[in-house]
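There are 2 protein chains.
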Amino acid sequence: MKKFMNHVDDFLTESLAGFAAAHSDLVVLNTEPVFVRRKVLKPGKVALISGGGSGHEPLHSGFVGYGMLDAACPGQIFTSPTPDQMMAAAKTVDTGAGVLFIVKNYSGDLMNFEMASEMSEVPNAMVLINDDVAVENSSYTTGRRGVAGAVIVEKLVGSMAESGADLEQCKAFGDRINKRTASMGVAFTSCTVPAARTLTFKIGDDEIEVGVGIHGEPGRRRAKFAPADAIAGELLTAIAEDLKPAADAELLVLVNGLGGTPLGELYLLFNSTRTWLEQRGLNIGRVQVGALTTSLEMAGASITLCVLDDEMKRHWDSAVHTPGLRWGV
Amino acid sequence: MKKFMNHVDDFLTESLAGFAAAHSDLVVLNTEPVFVRRKVLKPGKVALISGGGSGHEPLHSGFVGYGMLDAACPGQIFTSPTPDQMMAAAKTVDTGAGVLFIVKNYSGDLMNFEMASEMSEVPNAMVLINDDVAVENSSYTTGRRGVAGAVIVEKLVGSMAESGADLEQCKAFGDRINKRTASMGVAFTSCTVPAARTLTFKIGDDEIEVGVGIHGEPGRRRAKFAPADAIAGELLTAIAEDLKPAADAELLVLVNGLGGTPLGELYLLFNSTRTWLEQRGLNIGRVQVGALTTSLEMAGASITLCVLDDEMKRHWDSAVHTPGLRWGV
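Chains A and B, in that order, give the protein sequences.
Residues are numbered in this note's numbering as their position in the first sequence, beginning at 1, plus a constant of 12.
Residues are numbered in this note's numbering as their position in the second sequence, beginning at 1, plus a constant of 12.
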């Protein structure tokens with residue numbers, strides 16, 4: 013295991029310290045308990061809080077800032093954060109309009125966010141993200157997993173909150189986006205959790221894991237290595253079967269790197285993706301290519317489609333200023 | 013070799029097609045000969061053109077757009093582009109103020125850009141980037157290699173050109189920035205050039221290559237794996253010995269991922285970097301952390317320091333809108 017680290021026990025602490033120092037214009041790191049919050053809070057705005065196990069950066073800490081999250085609660089690598097982090101974050105970033113928790117569907121995350129939701133004195137609601145169409149239940153999940161669709165929910169609801177919507181509107185918008193968003197990933201290699209010091213799963217030199225989870229959970233099948241067009245086709249077929257986009261639907265396409273795959277390959281995968289969509293007469297309205305929801309250094313990628321409407325397009329295009337996504341400002 | 017690709021011969025073509033489609037608001041892809049150019053050219057502005065072997069994305073194509081490059085000429089993976097690409101790009105993007113070629117110091121790149129410079133009918137000048145302090149001469153280089161410092165030169169000179177400076181001023185500014193910029197990298201793993209189908213170099217599970225080049229060229233030494241603080245210290249010592257920053261110098265720090273290293277580790281390496289600098293009383297004026305000059309899927313990173321002055325700070329902060337760097341717009 014070769015990683016930039018000093019002692020394995022300090023990995024998260026030092027990584028977060030570097031993150032907070034690099035982006036001290038945007039975020040503040042709270043250390044006991046650990047959460048990252050927006051430096052400048054906006055009075056009367058619904059506060060958005062997400063979180064989850066670390067190792068998926070820039071998700072979620074990298075999306076704290078103007079137009080997205082007000083706080084992110086990082087757990088240890090691939091380990092749920094705890095309710096005390098969420099409650100402390102909620103108390104700190106609530107400015108009177110309540111808190112929306114944005115939670116990827118993993119049993120630990122959900123349990124802890126629900127506990128925080130019940131125990132917190134701050135009025136709150138929750139959006140559960142379960143965009144991964146690969147499998148119904150998985151290693152750490154009852155129901156579908158939440159993956160890169162989280163980025164889209166955080167961007168769109170973040171924009172709506174910024175524009176003055178109330179907690180109920182933000183919650184309803186988040187639920188609507190989640191229903192219109194579907195993802196599936198593929199892994200070429202495993203990753204290594206620092207504390208485990210060993211590969212999360214074994215995979216042959218000529219094998220891929222189709223439908224892999226972002227913690228290396230098994231997907232739909234272990235397959236022989238295949239061309240990009242075939243991989244894109246398999247992922248998109250599964251996504252489209254779930255999403256059933258109308259013929260005139262306008263899609264946001266997110267080609268997401270899992271951490272160890274370089275940008276040149278992601279653009280190639282996007283090329284396969286757009287060709288597949290164009291052959292079926294489906295319209296691409298917005299595109300995002302990059303490593304936004306990662307699995308440490310795993311080689312692989314996921315494709316996410318989101319069926320846009322005019323309101324969603326407006327909120328996608330609006331200004332955002334976070335370490336991980338930035339435009340318009 | 014597992015990569016998102018269809019046929020190895022089509023790798024670059026399909027990757028560039030995906031890139032151009034994803035960023036059709038910003039760039040246009042010319043196919044014969046191959047170059048990427050800004051969609052909207054600015055009449056009377058000095059045009060900036062860079063290029064080099066592919067496999068370092070987002071460098072250089074990802075920096076075509078407002079406030080950086082007007083065109084990028086991508087060669088095949090780790091292979092110099094040809095003079096016809098550069099001459100065609102120059103003819104296309106020149107709007108009357110001439111062209112500045114920004115060239116990383118590799119023998120093939122330099123020879124071909126010099127040929128294009130001589131043969132082009134467009135008035136032109138050249139800035140040669142040689143920021144890598146690791147070794148004096150290398151596999152493909154006489155003198156020092158040009159690496160991630162290219163991003164800084166392209167951003168700062170791009171801003172100056174945008175503000176109306178003439179060709180001579182842009183050339184002088186580029187040379188000045190290059191002299192004030194130094195980099196060094198470290199590799200944990202090799203990468204695989206698609207057409208070669210085999211690892212560029214062999215490295216043990218407990219070894220690192222200190223001072224590696226961005227094509228996997230040998231560095232200063234093959235060392236045993238070491239903590240991030242020790243690696244940062246070795247790179248920074250070499251950089252600081254070269255750069256000799258004054259006690260009151262203000263530094264731009266770029267922690268650059270080589271392609272296979274996840275963001276969480278890059279932030280940890282930045283934490284080691286800032287600690288080292290702070291212990292020596294050196295001031296960090298600006299920070300950039302991310303994979304901007306990569307070596308395909310190589311795991312590793314480089315550190316670049318650039319000694320800022322007020323003019324450079326202003327041009328770093330100015331608006332930029334490219335696929336790879338964007339702020340202020």
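By construction, the Cβ of each residue, glycine as well, lies at the ideal position given by its N, Cα and C atoms.
Candidates the options, of which the one nearest residue i by Cα
i	options	result
T334(B)	V46(B), L140(B), V139(B), E69(B)	E69(B)
L112(B)	E174(B), S151(B), A250(B)	E174(B)
E318(B)	S27(B), F23(B), R49(B), I141(B)	The sequence shown places Cys at residue 318(B), rather than the Glu named in the question. For C318(B), the nearest C-alpha among the options comes from I141(B).
I61(A)	V52(A), E323(A), G110(A)	G110(A)
G269(B)	D187(B), I315(B), A235(B)	I315(B)
I226(B)	I189(B), V159(B), P135(B), V139(B)	V159(B)
S150(A)	R232(A), I189(A), R188(A), D217(A)	R232(A)
D218(A)	E229(A), R234(A), G245(A)	R234(A)
S119(A)	G170(A), G77(A), G65(A)	G65(A)
A137(A)	A240(A), F185(A), S307(A)	F185(A)
V39(A)	G340(A), Y78(A), C182(A)	Y78(A)
G63(A)	E253(A), T305(A), V341(A)	T305(A)
D321(A)	L289(A), R286(A), P257(A), L275(A)	P257(A)
G276(A)	K54(B), G67(B), L41(B), G108(B)	G67(B)
T193(B)	K183(B), D187(B), D143(B), M324(B)	D143(B)
G108(A)	P55(A), W339(A), G293(A), M127(A)	P55(A)
A146(B)	L211(B), E229(B), D21(B), S171(B)	E229(B)
Residue i: contacting residues in chain B (beta-carbon distance under 9 Å)
i	result
A240(A)	K15, F16, M17, N18, E26
F23(A)	G276, E277, L280
N136(A)	Simply none; closest approach about 28 Å.
Interface partners of residue i on chain B, CB under 7 Å
i	result
R274(A)	As written in the sequence, residue 274(A) is Pro, which differs from the Arg given in the question. Within 7 Å Cβ-Cβ: E69, G271, T306, L308, E309.
Y279(A)	S27, G30, F31, A34
W339(A)	R338
R292(A)	What R292(A) touches in chain B: nothing, since even the nearest Cβ is about 16 Å away.
Amino acids of chain A, ordered along the chain, whose beta-carbon sits closer than 9 Å to that of residue i
i	result
I220(B)	K14
R49(B)	Residues of chain A passing the Cβ test: none, with the nearest at roughly 17 Å.
7 Å Cβ cut-off: residues of chain A touching residue i
i	result
F200(B)	K14
V299(B)	A34
N268(B)	Residues of chain A passing the Cβ test: none, with the nearest at roughly 12 Å.
R157(B)	Here the premise fails: no neighbours, minimum Cβ distance about 19 Å.
Residue i and residue j closer than 8 Å at C-beta
i	j	result
K14(A)	F213(B)	no
F16(B)	T273(A)	yes
M310(A)	K167(A)	no
I243(A)	S195(A)	no
D121(B)	A59(B)	no
F125(A)	A84(A)	no
A313(B)	L337(B)	no
N117(B)	G155(B)	yes
G9(B)	L280(A)	Residue 9(B) falls outside the range modelled here, since chain B spans only 13 to 341, and no answer is possible.
P354(B)	L179(B)	Outside the displayed range of chain B (13 to 341) lies residue 354(B), so it cannot be described from this structure.
V165(B)	I189(B)	yes
L308(A)	C203(A)	yes
L24(A)	P86(A)	yes
A261(B)	N295(B)	yes
D82(A)	L41(A)	no
G293(A)	A240(A)	no
Beta-carbon neighbours of residue i, restricted to chain A and to distances below 8 Å
i	result
R9(B)	Outside the modelled stretch of chain B, which goes from 13 to 341, sits residue 9(B), for which no answer is possible.
R188(B)	Here the premise fails: no neighbours, minimum Cβ distance about 26 Å.
F237(B)	K14
N42(B)	Residues of chain A passing the Cβ test: none, with the nearest at roughly 17 Å.
Neighbouring residues, chain B, relative to residue i (Cβ below 8 Å)
i	result
R209(A)	Those within 8 Å of R209(A) in chain B number zero; the least Cβ separation is about 12 Å.
N295(A)	Result: empty, since nearest Cβ-Cβ is about 13 Å, beyond 8 Å.
Test: residue i CB closer than 8 Å to a CB of chain C
i	result
A313(B)	Reference to chain C is not applicable here, since the protein chains of this structure are A and B.
| Between the region 129-148 of chain A and the region 92-105 of chain A, are three or more C-beta pairs nearer than 8 Å? | With the cut-off at 8 Å, the region 129-148 of chain A and the region 92-105 of chain A touch.
| task | Could you tell me whether the region 318-338 of chain A touches the region 82-98 of chain A, where touching means 3 or more Cβ pairs closer than 8 Å? | result | Output reads no: the region 82-98 of chain A does not touch the region 318-338 of chain A.
| Residues in the region 311-329 of chain A with C-beta within 8 Å of chain B's C-beta atoms, listed in sequence order? | Answer in chain order: A311, A313.
| According to a CB-to-CB cut-off of less than 8 Å, which residues of the region 51-68 of chain B neighbour chain A? | Listed by position along the chain: S66, G67.
| Touching or not, the region 29-44 of chain A and the region 285-303 of chain B, by the rule of three or more beta carbon pairs under 8 Å? | As far as the Cβ criterion goes, the region 29-44 of chain A touches the region 285-303 of chain B, which means the pair count is three or higher.
| the region 216-229 of chain A / the region 182-197 of chain A touching (three or more Cβ pairs under 8 Å) | yes
| said: Counting only Cβ-Cβ distances shorter than 8 Å, please list the residues of the region 142-155 of chain A near chain B, keeping chain order. | reply: none
| task | Below 9 Å between beta carbons is the criterion; list the residues of the region 119-130 of chain B that meet it against any residue of chain A, in chain order. | result | Those residues of the region 119-130 of chain B that come within reach of chain A (Cβ to Cβ, closer than 9 Å) do not exist; the list is empty.
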